[in-house]
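Trainee: Our numbering puts the sequence shown at residues 3 to 386.
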Amino acid sequence: MSLESEYYSNLSKIIASTKFNLPENYLDKLNESLMSLQKIDFNNILKNLPATRKSTTPTAIKYLKQAHDSENLNLVLGAGISKPYGLPTWDFLLQRLLLKTIEETPEKAVVLSKVFTKVFNPSPLIAGRYLQESLFDTKDKNRFEKEVRKTLYDSFDKDAESPIMDEIVKLCAAPGNSPNLDGIITYNYDDVIETKIKEKNMDIPFQSVYGQAVDPDNRALAIYHVHGFLPQEGTINELNNITLGEYVYHEQYSNIYSWNNIVQINKFRDKTCLFIGTSLSDPNIRRLLDIANSQKKGRKFHYIIKKKSPRVWVQERLKQILDDNPQIFNEKVKAKLDFDETVDLLIEIQNRFEEKDSESLGVKTVWIEDYDKDIASILKKIRE
3 MSLESEYYSN
13 LSKIIASTKF
23 NLPENYLDKL
33 NESLMSLQKI
43 DFNNILKNLP
53 ATRKSTTPTA
63 IKYLKQAHDS
73 ENLNLVLGAG
83 ISKPYGLPTW
93 DFLLQRLLLK
103 TIEETPEKAV
113 VLSKVFTKVF
123 NPSPLIAGRY
133 LQESLFDTKD
143 KNRFEKEVRK
153 TLYDSFDKDA
163 ESPIMDEIVK
173 LCAAPGNSPN
183 LDGIITYNYD
193 DVIETKIKEK
203 NMDIPFQSVY
213 GQAVDPDNRA
223 LAIYHVHGFL
233 PQEGTINELN
243 NITLGEYVYH
253 EQYSNIYSWN
263 NIVQINKFRD
273 KTCLFIGTSL
283 SDPNIRRLLD
293 IANSQKKGRK
303 FHYIIKKKSP
313 RVWVQERLKQ
323 ILDDNPQIFN
333 EKVKAKLDFD
343 ETVDLLIEIQ
353 NRFEEKDSES
363 LGVKTVWIED
373 YDKDIASILK
383 KIRE
């Protein structure tokens, strides 16, 4: 039985088992309405959606490989890269930091911090500003960064396996141990990349760039921590300021000539970038991509790898929405929308929406099914 048939069958059973003041032939009329649903003209609707320049995986690999071979390829990495090692998501990081500001018993603080983030879903910048002020210490100006570092590595599993990270490390060195990437831009505070390069015992010269920044050694692979850097070991000082609260974010946004903005603009303008484990939702990143596009000579695209929304997940979400919103269900019946085709159409609209948005920023979208397996495979083919 299909999910649609099961849904309507269960709906009929619920209605039949409930004592509503309805006409005797109500169920017959309902079933008649459901049976009268016509197939929507799926292809015609797709034609009316905006055309996009999404890239097939083979085409993307072709151009990324060319950029890699000419040492013009930059990786742009987000939180998805560090997730396999147990590093916290934003929600969990916020929960743990909130624990330190809630003056209650530990048990109550744990519950309150979790419930608060789930119920109110606070903006990262607003929450970061609150935490910065709450954890401010005149005697220790870097207390905030120290607390974030402690929380960041609390659940770090250095022995975890990540096919993606393995391929990233291999991309960092060409035969002869010479960097073959132009560089790496990471929005993560952690030093997972640096740690994994060292663990592989590969003689790869690299340099972590953060704080006030310095021009990296031309012989070293530059790893730009443009949102700040909190290594597991070493002293934390003013150079380790992170972009979590509004203060630092506003400074970056207002000062277009800050080193981290200049690095991103230059790479986005002159090189080919592959975005992994990140979205393009950050306002400052979008602004920098727009600036770089306005300065580009010719129409050269970057690439972003995104996982498709699982069909089962969309089916379950749609079913829940119809259950919770009877008026939408009634409108769906009137519009003669078939359940399965509605799911397919919603997925395609979402894909087109994201593709068009990325394309406007000069980035082509590569869709994948299996996050770890497919990304690792793409990276391997780029370096082979």
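Backbone N, C-alpha and C define an ideal beta-carbon position, used for all residues, glycine too.
For residue 134, tell me which candidate among 67, 244, 171, 235 has the shortest Cα-Cα distance.
Mentor: Closest option to residue 134, Cα to Cα, is 244.
Trainee: If you draw a straight line from the alpha carbon of residue 177 to that of residue 63, how long is it in whole angstroms?
Mentor: Low confidence applies to residue 177: its pLDDT is 46, below 50, so where it sits in the model is not reliable, and the reading given next is rough at best. The straight-line gap separating the alpha-carbon atoms of residue 177 and residue 63 is approximately 20 Å.
Trainee: Start and end of the alpha helix (DSSP H) containing residue 153?
Mentor: 145-154
Trainee: Rounded C-beta distance between residue 189 and residue 79? I'm assuming under 8 Å.
Mentor: 7 Å
Trainee: For residue 187, collect the residues of the same chain with a Cβ closer than 8 Å to its Cβ; drop the 5 residues on either side in sequence, then sort them by chain order.
Mentor: 76, 77, 78, 79, 226, 228, 265, 266, 269, 275
Trainee: With distance defined between alpha-carbon atoms, name the residue in 198, 182, 171, 139 nearest to residue 159.
Mentor: 198
Trainee: Would you mind reading off the limits of the alpha helix (DSSP H) that contains residue 229?
Mentor: No alpha helix (DSSP H) holds residue 229; DSSP gives it neither H nor E.
Trainee: Taking DSSP as the reference, what is the three-state secondary structure of residue 186?
Mentor: strand
Trainee: Going by DSSP, name the residue or residues bridged to residue 276.
Mentor: 77, 305
Trainee: Using the three-state DSSP reduction, which class does residue 367 fall into: helix, strand or coil?
Mentor: strand
Trainee: How big is the Cα-Cα spacing for residue 284 and residue 363?
Mentor: 12 Å
Trainee: Does the Cβ of residue 341 have 16 or more other Cβ atoms within 10 Å, making it buried, or fewer, making it exposed?
Mentor: buried
Trainee: Which of the three DSSP states, helix, strand or coil, is assigned to residue 157?
Mentor: It is coil, neither helix nor strand.
Trainee: Counting Cβ pairs, one atom from each stretch, are 3 or more of them under 8 Å apart for the region 308-327 and the region 348-367?
Mentor: yes
Trainee: If you count every other CB in all the chains shown that lies within 10 Å of the CB of residue 242, and 16 or more means buried, which is it?
Mentor: Buried, by the Cβ-count rule.
Trainee: From the DSSP output, which residues share a beta bridge with residue 223?
Mentor: 208
Trainee: Let me know if residue 259 comes out buried or exposed under the rule of 16 or more other beta-carbons within 10 Å of its beta-carbon.
Mentor: exposed
Trainee: Below 8 Å on the Cβ atoms is my contact criterion, and I expect residue 131 with residue 138 to pass it. Report the Cβ-Cβ distance as a whole number of Å.
Mentor: For residue 131 against residue 138, the beta-carbon gap comes to about 11 Å, at or over 8 Å, which does not count as contact.
Trainee: Are the CB atoms of residue 223 and residue 208 nearer to each other than 7 Å?
Mentor: For residue 223 and residue 208, yes; Cβs fall inside 7 Å.
Trainee: State the Cα-Cα distance for the pair residue 87 and residue 287, rounded to the nearest angstrom.
Mentor: 25 Å
Trainee: Quick one: grab the DSSP three-state call for residue 87.
Mentor: helix
Trainee: DSSP on residue 94, reduced to helix/strand/coil?
Mentor: helix
Trainee: Taking just the CA atoms, how far does residue 346 sit from residue 314?
Mentor: 11 Å
Trainee: When we look at the beta-carbon of residue 69 and count the other beta-carbons within 10 Å, is it buried (16 or more) or exposed?
Mentor: buried
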